[in-house]
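Participant:
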Amino acid sequence: MSRVVVLDTSPIGLITNPKLSDQGTACNHWLQAHLRAGSRIIIPEIADYEVRRELLRANKVKGLARLDNLARFLEYLPLTTVAMRQAAELWAQARQQGQPTAGDKTGDMILVAQAMTLAVQDVVIATTNVGHLSRFIAADVWQSISVINP
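Numbering (my numbering), first residue to last: 10 to 159.
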């Protein structure tokens, strides 16, 4: 069984930024190591949307091209009615419990719900926003998600 890694916006942004910083280079190496080990790397549609809208707003054509290429190269998880309904339930539960994720973080709830719809054992969201996401599903900073060799 291979590890399933769902990418949040932060690693997607690092991977697709044409001006590779040290962290961007490290993130690209991390991604390649996971792919070589057979990990399933997934771009959820909500994360694509959040990165894409900022690239469009800033007219970053090269970044958009890299995002399009990444979406063709990796597994893409489209939004579904099931995921959106699950996200609504998660948001409502968090709100009822007074958790900060219940505010305007609807994208986080959609991301979590999309990962949950995969219904696999070893799924983790690669992010820099561990606190909000890990209340609902396994999430860790991308650098801490180690490669599992088959």
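Ideal Cβ placement from N, Cα and C applies to all residues, glycine included.
This one's a predicted model, so the numbers in the text were calculated from it and none came from an experiment.
(1) Is the beta carbon of alanine 148 sitting closer than 9 Å to the one on valine 156?
(2) Nearest-angstrom Cα distance between proline 53 and glycine 47?
(3) Between which residues of its own chain and leucine 40 is the CB-CB distance below 8 Å, once the five residues before and five after are set aside?
(4) Kindly confirm or deny that the region 66–74 and the region 95–107 touch, where touching means at least three C-beta pairs closer than 8 Å.
(5) Tell me, please, whether the CB atom of glutamine 41 is closer than 9 Å to any CB atom in chain C?
(6) Could you give the distance in angstroms between the alpha-carbon of proline 27 and the alpha-carbon of threonine 34?
(7) Classify alanine 42 as buried or exposed, calling it buried when 16 or more other Cβ atoms lie within 10 Å of its own Cβ.
(8) Using a Cβ-Cβ cut-off of 7 Å (strictly less than) and excluding sequence neighbours within five positions of threonine 90, which residues of its own chain qualify?
(9) Using only alpha-carbon positions, find the residue among Val60, Trp100 and Leu29 that is nearest to aspartate 17.
(10) Just the C-alpha distance for alanine 101 and serine 143, rounded to the nearest angstrom, thanks.
(11) Taking only three categories from DSSP, how would you classify proline 87?
Facilitator: Taking the geometry as given:
(1) Alanine 148 is not a Cβ neighbour of valine 156, given a cutoff of 9 Å.
(2) Those two C-alpha atoms are separated by around 18 Å.
(3) For leucine 40, where only same-chain residues beyond five positions count, the Cβ hits under 8 Å are Pro20, Ile24 and Ile50.
(4) Counting Cβ pairs under 8 Å, fewer than three are found: no touch.
(5) This model lacks chain C altogether; it includes just one protein chain.
(6) Each residue's Cα considered, the two are about 10 Å apart.
(7) It is exposed - the Cβ of alanine 42 has fewer than 16 other Cβ atoms within 10 Å.
(8) Excluding sequence neighbours, threonine 90 sits near nothing in its chain.
(9) Of the listed residues, the one whose Cα sits closest to aspartate 17 is Val60.
(10) When rounded, the distance between both Cα atoms is 17 Å.
(11) Coil at proline 87, not helix or strand.
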